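Chemist:
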Amino acid sequence: MTNPTARGLAALENADWEEAEMSFTEALELDPRDLEANIGMARMALHAGYPEDVHGFISMPETLDPRLGDLEYTALRAQGKADEAFRKALEILVTLPEATAFRIRVGSDLLAADRHVEALQVFREGRALDP
15 MTNPTARGLA ALENADWEEA EMSFTEALEL DPRDLEANIG MARMALHAGY PEDVHGFISM
75 PETLDPRLGD LEYTALRAQG KADEAFRKAL EILVTLPEAT AFRIRVGSDL LAADRHVEAL
135 QVFREGRALD P
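Residue 98 in the numbering used here sits at position 84 of the sequence shown, and the numbers go up by one each step.
1. I need the straight-line Cα distance from Leu49 to Ala142, nearest angstrom please.
2. So Ala62 is in the alpha helix (DSSP H); what residue range does that whole segment cover?
3. Under 8 Å Cβ to Cβ from Glu139, same chain only, skipping five residues before and after it: list those, please.
4. Sort Leu78, Asp79, Gln135, Lys102 by Cα distance to Thr88 and report the nearest one.
5. Is it true that the CB of Ala96 sits closer than 9 Å to the CB of Ala127?
6. Using only alpha-carbon positions, find the residue among Asn28, Tyr64, Asp30, Gly22 that is nearest to Leu52.
7. Out of Asp123, Ala113, Thr109, which has the shortest C-alpha to C-alpha gap to Ala92?
Dropping the structure here:
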């Protein structure tokens with residue numbers, strides 16, 4: 015397997031963190047905008063306990079991929095920035111209303127944080143999208 019991104023993804027699935035990092039680094043040297051390699055590096059940063067590093071990998075304003083928003087939300091929560099995480103999640107849900115799994119996760123997190131009004135809003139908006 016010569017594609018460094020594919021090698022990195024395979025290594026990530028096998029929890030071979032060293033190989034994943036080397037492969038994703040190689041991929042990003044070839045193409046700094048490689049979405050999968052950036053997502054892989056962000057996932058590794060979260061796993062290693064460095065949520066503050068995630069934003070550097072997922073800052074892709076032209077890219078609408080729900081995984082980027084999910085990673086940013088997770089990183090903010092891991093840094094103890096719940097209010098900022100929830101604000102960001104609500105922005106993401108406006109931009110990507112079809113991100114159902116993310117909507118459910120955010121709504122559930124809001125309920126767990128006793129933010130019932132916001133949770134209800136998130137779930138209602140999701141229900142309005144359901145045919």
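Think of the CB as a built atom: it goes at the ideal place given N, C-alpha and C, for glycine as much as any other residue. All values derive from a computational prediction rather than experimental measurement.
Modeler: For this structure:
1. Roughly 31 Å separates the two Cα atoms.
2. Segment: none, Ala62 is in no alpha helix (DSSP H) and carries neither H nor E.
3. Excluding sequence neighbours, Glu139 sits near Leu107, Pro111, Arg117.
4. Of Leu78, Asp79, Gln135, Lys102, the smallest CA-CA separation from Thr88 is found for Lys102.
5. Ala96 is positioned such that its CB atom lies closer than 9 Å to that of Ala127.
6. One detail in the question is off: residue 52 reads as Asn in this sequence, not Leu. Among Asn28, Tyr64, Asp30, Gly22, the Cα nearest to that of Asn52 is on Gly22.
7. Residue nearest to Ala92 within the set Asp123, Ala113, Thr109 is Asp123 (criterion: CA-CA distance).
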